[in-house]
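To start, the structure under review is shown below, and the notes come after it.
Number of protein chains: 2
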Amino acid sequence: MNPKRYLPILQWLPGYGREPLTRDLLAAVIVTIMLIPQSLAYAMLAGLPPETGLYASIVPLVVYALFGTSRTLAVGPVAVVSLMTAAAVGQIAPQGSPEYLGAALVLALMSGLMLTVMGVARLGFLANFLSHPVISGFITASGLIIAASQLKHVLGVEASGHHLVALLASLAGSLAEVNAPTLAIGLGVLAFLLIARRWLTPTLRRLGVPARPAEMLTKAAPILAVAVTTLATWGMGLDANGVAVVGSVPAGLPPLTLPGFDSGLWRQLFVAALLISIVGFVESVSVGQTLAAKRRQRIDPNQELIGLGTSNIAASFTGGMPVTGGFARSVVNFDAGAETPAAGAFTALGIGLAALLLTPLIAYLPIATLAATIIVAVLSLVDLPAIKRTWDYSRSDAAAMLATILVTMGHGVESGITVGVGLSLALHLYRTSRPHSAVVGRVPGTEHFRNVQRHEVETDEHLSILRVDEGLYFANARYLEDTVMELAARQPGLAHIVLACQAVNVIDASALESLEAINARLKDADVTLHLAEVKGPVMDRLHNTALCRELTGQVFLSTFDAWRALHDERDATQLPSASTSRSTARQAAP
Amino acid sequence: MNPKRYLPILQWLPGYGREPLTRDLLAAVIVTIMLIPQSLAYAMLAGLPPETGLYASIVPLVVYALFGTSRTLAVGPVAVVSLMTAAAVGQIAPQGSPEYLGAALVLALMSGLMLTVMGVARLGFLANFLSHPVISGFITASGLIIAASQLKHVLGVEASGHHLVALLASLAGSLAEVNAPTLAIGLGVLAFLLIARRWLTPTLRRLGVPARPAEMLTKAAPILAVAVTTLATWGMGLDANGVAVVGSVPAGLPPLTLPGFDSGLWRQLFVAALLISIVGFVESVSVGQTLAAKRRQRIDPNQELIGLGTSNIAASFTGGMPVTGGFARSVVNFDAGAETPAAGAFTALGIGLAALLLTPLIAYLPIATLAATIIVAVLSLVDLPAIKRTWDYSRSDAAAMLATILVTMGHGVESGITVGVGLSLALHLYRTSRPHSAVVGRVPGTEHFRNVQRHEVETDEHLSILRVDEGLYFANARYLEDTVMELAARQPGLAHIVLACQAVNVIDASALESLEAINARLKDADVTLHLAEVKGPVMDRLHNTALCRELTGQVFLSTFDAWRALHDERDATQLPSASTSRSTARQAAP
Numbered sequence: 001m002n003p004k005r006y007l008p009i010l011q012w013l014p015g016y017g018r019e020p021l022t023r024d025l026l027a028a029v030i031v032t033i034m035l036i037p038q039s040l041a042y043a044m045l046a047g048l049p050p051e052t053g054l055y056a057s058i059v060p061l062v063v064y065a066l067f068g069t070s071r072t073l074a075v076g077p078v079a080v081v082s083l084m085t086a087a088a089v090g091q092i093a094p095q096g097s098p099e100y101l102g103a104a105l106v107l108a109l110m111s112g113l114m115l116t117v118m119g120v121a122r123l124g125f126l127a128n129f130l131s132h133p134v135i136s137g138f139i140t141a142s143g144l145i146i147a148a149s150q151l152k153h154v155l156g157v158e159a160s161g162h163h164l165v166a167l168l169a170s171l172a173g174s175l176a177e178v179n180a181p182t183l184a185i186g187l188g189v190l191a192f193l194l195i196a197r198r199w200l201t202p203t204l205r206r207l208g209v210p211a212r213p214a215e216m217l218t219k220a221a222p223i224l225a226v227a228v229t230t231l232a233t234w235g236m237g238l239d240a241n242g243v244a245v246v247g248s249v250p251a252g253l254p255p256l257t258l259p260g261f262d263s264g265l266w267r268q269l270f271v272a273a274l275l276i277s278i279v280g281f282v283e284s285v286s287v288g289q290t291l292a293a294k295r296r297q298r299i300d301p302n303q304e305l306i307g308l309g310t311s312n313i314a315a316s317f318t319g320g321m322p323v324t325g326g327f328a329r330s331v332v333n334f335d336a337g338a339e340t341p342a343a344g345a346f347t348a349l350g351i352g353l354a355a356l357l358l359t360p361l362i363a364y365l366p367i368a369t370l371a372a373t374i375i376v377a378v379l380s381l382v383d384l385p386a387i388k389r390t391w392d393y394s395r396s397d398a399a400a401m402l403a404t405i406l407v408t409m410g411h412g413v414e415s416g417i418t419v420g421v422g423l424s425l426a427l428h429l430y431r432t433s434r435p436h437s438a439v440v441g442r443v444p445g446t447e448h449f450r451n452v453q454r455h456e457v458e459t460d461e462h463l464s465i466l467r468v469d470e471g472l473y474f475a476n477a478r479y480l481e482d483t484v485m486e487l488a489a490r491q492p493g494l495a496h497i498v499l500a501c502q503a504v505n506v507i508d509a510s511a512l513e514s515l516e517a518i519n520a521r522l523k524d525a526d527v528t529l530h531l532a533e534v535k536g537p538v539m540d541r542l543h544n545t546a547l548c549r550e551l552t553g554q555v556f557l558s559t560f561d562a563w564r565a566l567h568d569e570r571d572a573t574q575l576p577s578a579s580t581s582r583s584t585a586r587q588a589a590p
Numbered sequence: 001m002n003p004k005r006y007l008p009i010l011q012w013l014p015g016y017g018r019e020p021l022t023r024d025l026l027a028a029v030i031v032t033i034m035l036i037p038q039s040l041a042y043a044m045l046a047g048l049p050p051e052t053g054l055y056a057s058i059v060p061l062v063v064y065a066l067f068g069t070s071r072t073l074a075v076g077p078v079a080v081v082s083l084m085t086a087a088a089v090g091q092i093a094p095q096g097s098p099e100y101l102g103a104a105l106v107l108a109l110m111s112g113l114m115l116t117v118m119g120v121a122r123l124g125f126l127a128n129f130l131s132h133p134v135i136s137g138f139i140t141a142s143g144l145i146i147a148a149s150q151l152k153h154v155l156g157v158e159a160s161g162h163h164l165v166a167l168l169a170s171l172a173g174s175l176a177e178v179n180a181p182t183l184a185i186g187l188g189v190l191a192f193l194l195i196a197r198r199w200l201t202p203t204l205r206r207l208g209v210p211a212r213p214a215e216m217l218t219k220a221a222p223i224l225a226v227a228v229t230t231l232a233t234w235g236m237g238l239d240a241n242g243v244a245v246v247g248s249v250p251a252g253l254p255p256l257t258l259p260g261f262d263s264g265l266w267r268q269l270f271v272a273a274l275l276i277s278i279v280g281f282v283e284s285v286s287v288g289q290t291l292a293a294k295r296r297q298r299i300d301p302n303q304e305l306i307g308l309g310t311s312n313i314a315a316s317f318t319g320g321m322p323v324t325g326g327f328a329r330s331v332v333n334f335d336a337g338a339e340t341p342a343a344g345a346f347t348a349l350g351i352g353l354a355a356l357l358l359t360p361l362i363a364y365l366p367i368a369t370l371a372a373t374i375i376v377a378v379l380s381l382v383d384l385p386a387i388k389r390t391w392d393y394s395r396s397d398a399a400a401m402l403a404t405i406l407v408t409m410g411h412g413v414e415s416g417i418t419v420g421v422g423l424s425l426a427l428h429l430y431r432t433s434r435p436h437s438a439v440v441g442r443v444p445g446t447e448h449f450r451n452v453q454r455h456e457v458e459t460d461e462h463l464s465i466l467r468v469d470e471g472l473y474f475a476n477a478r479y480l481e482d483t484v485m486e487l488a489a490r491q492p493g494l495a496h497i498v499l500a501c502q503a504v505n506v507i508d509a510s511a512l513e514s515l516e517a518i519n520a521r522l523k524d525a526d527v528t529l530h531l532a533e534v535k536g537p538v539m540d541r542l543h544n545t546a547l548c549r550e551l552t553g554q555v556f557l558s559t560f561d562a563w564r565a566l567h568d569e570r571d572a573t574q575l576p577s578a579s580t581s582r583s584t585a586r587q588a589a590p
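Protein sequence lines correspond, in order, to chains A and B.
Per full-length UniProt numbering: the first sequence = residues 1 to 590.
Per full-length UniProt numbering: the second sequence = residues 1 to 590.
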């Protein structure tokens, strides 16, 4: 066992010097400023006290710096995982109760254990169950749900519901109670953030600020909104006028917490924890790979699972919530020049200082400000043109995407992702269950064979050559049986069928049995089955099987060999026995 | 719409004459004799009154004759489906209660509707979810459970449990109460049937009986056992000595029944009905295809779904139970010379006569006799050598098979089949998630390219050609990203990567996005991405995508074209810009 593989910190720490230290420190400062409002906001989105978000951005970051393989990934609470946390934990206990907090810790622990086990068992491939259209649809739907769920804070009304339809209905019912100062703050921050996102960088550039600082300042716009609205609320006493504020947040470092071990609770949260783990991993690993590639670095997906898993375990023991690698903050970290995971550890220090010293200052922070921050952040996740793009490219992928979006919005996050995964699996099976195959004939005068329906080729009424363009496995084994037996039933004069296998990369046990059945059935019908162009590794496995022992025909190296042997044979002998049986068969099949 | 497709009876009835009539009648007589004890026995196995089995062998057979496409399939209660019925209905109500009977009717109706809908919607491909090893394992485990469940009747004791472990434990606890006359009958019938199966045909042949009648007589052995033990029980008054008998069975034609429409019950039975439908369909269609092929006939799997579906609907309205095409009885039907589905209709007549006239005679039929009949029938389903055979051929298929067997035996039929299907899907995804790919080089002096690890080929440190031997879809999209980016990270001098796509039959939306990500990441790393040998249909879909618009390199017709263009280009210009960026990249990636 190579310790460097399981402790990637050993790869970079020994060579760590002054230059990367400076760059990492600078990146950490910028990410800290960005992460403070985000942490508070995503904790609120998950229905947890604001300090939970800060706690989840301290120890987990240090742990990821030890075990993670991405140099620049920034770990912490993210929008989609926070929404999933709220949906899962909300079914266990009401928001604000100690059970709700406890369940969030258990969720983080379970998700951490699952990710770590998957990493150690090298099960990263399980994330492949989530196809791109399903993820994209899920994130779009989540973004819309999150944005809708924050509208109530911008309006200053009460509303609830874990899926879009319920939420909007609830909101519509309480529009009469809108709080004017809250709405002013909420819309003000929304407008400011949207304008900042679009025009701040170009304006600063025009004012002579260099490109990178201009972009960094734009990313720091939320902290400005936080500072201004907090001051305004405090100065004008808006909290007395119905503006909801964060209120008193305990100052101090993360507490030591012990997640509960109630087996009933664990069972109830199992599916949610699995889905959160996989969604979080997929999001994180995509970001990590994109950033690593820009510097020709590599991340190891299975070690990433361990990195994220241990971070979540750490979160569960330090009063946190489920975390993963976030897109926006990782890009900021990368752009700010972070060179090693030490930047993450320094960010943790920064957030730790904030938790110690700054919490009294945010008592007057309006919740509407955080809500507006969340809305602007998640609307960038919503990718409606992707639906059209996917539809144009592939109807079946678009169907999976649409189903994911509609079910997520209408029935909740867990159902949405489950239906999406189920449907994309079913559609994949459907697609490969009807593999492309073609009856081929000889291009006259050559050794080449082409589809008889597309080319002028030589054929032989006693011989049919079927080329199969797909690996043979359980999903298409039966289709192969159908195709071959239809060929035999359609062509009464047939004496030989050759399967040309140049594109067959695998024959699993189901396909093997189907081939055995085909062989036996063709034998009953007096048709001989031959194989041609079987690939080396496939042939190696076939050698000791009943198929090879009982094959009525031969295994030819090339299709042309098969053609020469079977076409000539008939010319020479006229196959008397086969002709007799063919006439019997013709009689029996009217 | 072609009525002949949906009413296959129109294909054969117009030409029906005296000769097929004679053959069909003879086959029907033989199948009727075989089916009477089987129907009683499988009804008992399903926990239903014996007459239910007879009812399920009357109207459903006539309906199948109208809608089914197999000429010789014999429909009725079968062992595995009866076991699944008992497991499903047993969770709703205790055996013997009216709710139990009602739930069995609902199960037949739901299964019938599901099959019919799947047939009309041409969803027969869904049966492909069941791989051969999973079916084989499931049937083996079911056979063992059924045999074990019948042991109590042979011993004359009480025992219960829907899976093997519980059953055997329960049996062991009641061994003290064995009833001697019951045991004598049970063991006697068991021995007689086993001996008959092995030696009756050869003995009869030696006595001068021709082959076919000898085989038919052997198949009729169970009815002989029924007759003899019934007479013995009646004559010796064994029922007074503790021998359980069938008891009074109402004489008469099937009653009209109306399955209940309680939505809660339907929801509870949904999964069971789906599994019963799929297992029954798979069993039936395999038998049908095997027999059809012997006469070069065809069956249409989607129309078969309609045939089986309508049969089950008929069963639910005529006091029956879930039915499907049985293996043993279909073979007997075929061997006895049945030529058209009319044989099935005549069999229904025969069973109808039996239900009207023979029921008083079976009051003294010992249950031990039926149990012994079942045990002998299902033990032929148990195929333990298949485990070894599958293991030798493919470890992953064997794993799915073993999991199915163990979970079915230890936890019940529904869990067993669900775990088997889930595991074979996961293993398939795992297998295709790591497609075979190879970096290839040029065979010197030719236009051919071969794996660099297996052949002496020309390579170029600035150019890497990767051949991918599998369609690209969501399960392997991420692996492709990993493989390509690892190639780029490993070879610092690299300027071009060519993907040779001659074996890529499909690129789904996930793989398309992965290729776009690969292209963008390689661009960041100053590596150009090219494609070669993209198949026509795949290229057609790629034309209007972002990949084609943003591809940093070109699409070459052949790998050799790519080699010539990229290999020569470097020789001519030394690519100054690429070399510069390469040295930067080397610096960044320590």
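Ideal Cβ placement from N, Cα and C applies to all residues, glycine included.
DSSP-derived helix/strand/coil call for Leu529 (chain B) = Three-state DSSP puts Leu529 (chain B) in a strand.
query = Going by other Cβ atoms of all chains shown within 10 Å of its Cβ, with 16 needed for buried, is Lys4 (chain A) buried or exposed?
reply = Counting the other CB atoms within 10 Å of its CB gives Lys4 (chain A) a total below 16, which places it among the exposed residues.
key: alpha helix (DSSP H) runs contained entirely in the region 320-403 of chain A, provided each spans 4 or more residues   = For the region 320-403 of chain A, whole alpha helix (DSSP H) runs of length 4 or above, ordered along the chain, are 327-335, 342-357, 367-379, 385-393.
ask   = Candidates A:Val245, A:Ala191, A:Leu25, A:Ser316: which alpha carbon is nearest Pro360 (chain A)'s?
value = With distances taken between Cα atoms, Pro360 (chain A) lies closest to A:Val245.
query = Interface residues of chain A around Ala500 (chain B) at Cβ under 7 Å?
reply = Per Cβ cutoff of 7 Å: no residues; Ala500 (chain B) is ~14 Å from chain A at best.
inquiry  = Which same chain residues end up closer than 8 Å to Leu194 (chain A) when comparing Cβ atoms and leaving out the 5 residues on each side of it in sequence?
reply    = Spatial neighbours of Leu194 (chain A) in its own chain (CB-CB distance under 8 Å, excluding positions within 5 residues in sequence) are listed in chain order as Val376.
message = DSSP three-state label for Ala41 (chain A), please.
response = Of the three classes helix, strand and coil, the one that applies to Ala41 (chain A) here is helix, per DSSP.
message = So with CB distances below 9 Å, who are the chain A contacts of Arg454 (chain B)?
response = Going along chain A, no residue has its Cβ under 9 Å from Arg454 (chain B), so there is no contact; the nearest lies around 10 Å.
query = Does the beta-carbon of Ser160 (chain B) have 16 or more other beta-carbons within 10 angstroms, so that it is buried, or is it exposed?
reply = By the neighbour-count rule (16 or more Cβ atoms within 10 Å), Ser160 (chain B) is not buried but exposed.
Classification of Ser380 (chain A) by the beta-carbon crowding that lies within 10 angstroms, buried from 16 upward = Per the 10 Å Cβ criterion, exposed.
ask   = Which residues in chain A sit within 8 Å of Gly423 (chain B), going by Cβ to Cβ distance?
value = As written in the sequence, residue 423 (chain B) is Leu, which differs from the Gly given in the question. The premise fails here: Leu423 (chain B) is roughly 12 Å from chain A at the closest Cβ pair, so nothing lies under 8 Å.
message = Rounded to whole angstroms, what is the Cα-Cα separation between Ile387 (chain A) and Ser136 (chain A)?
response = Computed Cα separation, rounded: 9 Å.
query = Just reading off the beta strand (DSSP E) that Ile465 (chain B) is part of, what are its end residues?
reply = Its beta strand (DSSP E) spans residues 463-468.
task = Could you tell me how far apart the beta carbons of Pro259 (chain B) and Leu105 (chain B) are, in whole angstroms, since I believe they sit closer than 8 Å?
result = Yes, they are in contact, since the Cβ atoms of Pro259 (chain B) and Leu105 (chain B) sit about 4 Å apart, within 8 Å.
ask   = Quick one: complete beta strand (DSSP E) runs, 3+ long, within the region 216-243 of chain A?
value = If only uninterrupted beta strand (DSSP E) runs of at least 3 residues are considered, none is enclosed by the region 216-243 of chain A.
task = Grab me the residues of Ser43 (chain B)'s own chain with a C-beta within less than 7 Å of its C-beta, minus the 5 sequence neighbours each way, in chain order.
result = One point to set straight first is that residue 43 (chain B) is Ala, not Ser, in the sequence displayed. Hits under 7 Å: Pro49, Pro50, Thr52, Gly53, Pro77, Met321.
ask   = Are the region 146-165 of chain B and the region 426-442 of chain B touching by the rule of at least three beta carbon pairs closer than 8 Å?
value = As far as the Cβ criterion goes, the region 146-165 of chain B does not touch the region 426-442 of chain B, which means the pair count is below three.
task = Could you confirm whether any beta carbon from chain A is found closer than 8 Å to the beta carbon of Ala338 (chain B)?
result = Not an interface residue.
query = To the nearest angstrom, how far is it from the Cα of Glu533 (chain B) to the Cα of Ala500 (chain B)?
reply = Taking the straight line from one Cα to the other gives about 6 Å.
inquiry  = Can you look up Phe192 (chain A) in the DSSP assignment and give me helix, strand or coil?
reply    = DSSP places Phe192 (chain A) in helix when its eight states are reduced to three.
ask   = So Val484 (chain A) and Leu463 (chain A) are in contact, right, with Cβ under 8 Å, and what is the actual spacing, rounded?
value = Not really, about 14 Å apart at Cβ, beyond 8 Å.
inquiry  = Counting beta carbon pairs with one atom in the region 260-267 of chain B and one in the region 388-405 of chain B, are three or more of them shorter than 8 Å?
reply    = Touching, no, given that fewer than three Cβ pairs across the two stretches are closer than 8 Å.
key: Cα-Cα separation, Ser583 (chain A) to Ala399 (chain A)   = The predicted model places Ser583 (chain A) with a pLDDT of 33, which falls under 50 and marks its position as unreliable; any figure quoted below should be read in that light. Using only the alpha carbons, I get a separation of about 49 Å.
key: Stretch-stretch touch, CB-based, cutoff 8 Å, three pairs: the region 110-124 of chain A with the region 407-420 of chain B   = No, because fewer than three Cβ pairs between the region 110-124 of chain A and the region 407-420 of chain B fall closer than 8 Å, the two stretches do not touch.
inquiry  = Strictly below 7 Å CB to CB, what residues from chain A border Tyr393 (chain B)?
reply    = Within chain A, the residues near Tyr393 (chain B) are Ala509, Leu512, Arg541, Thr545.
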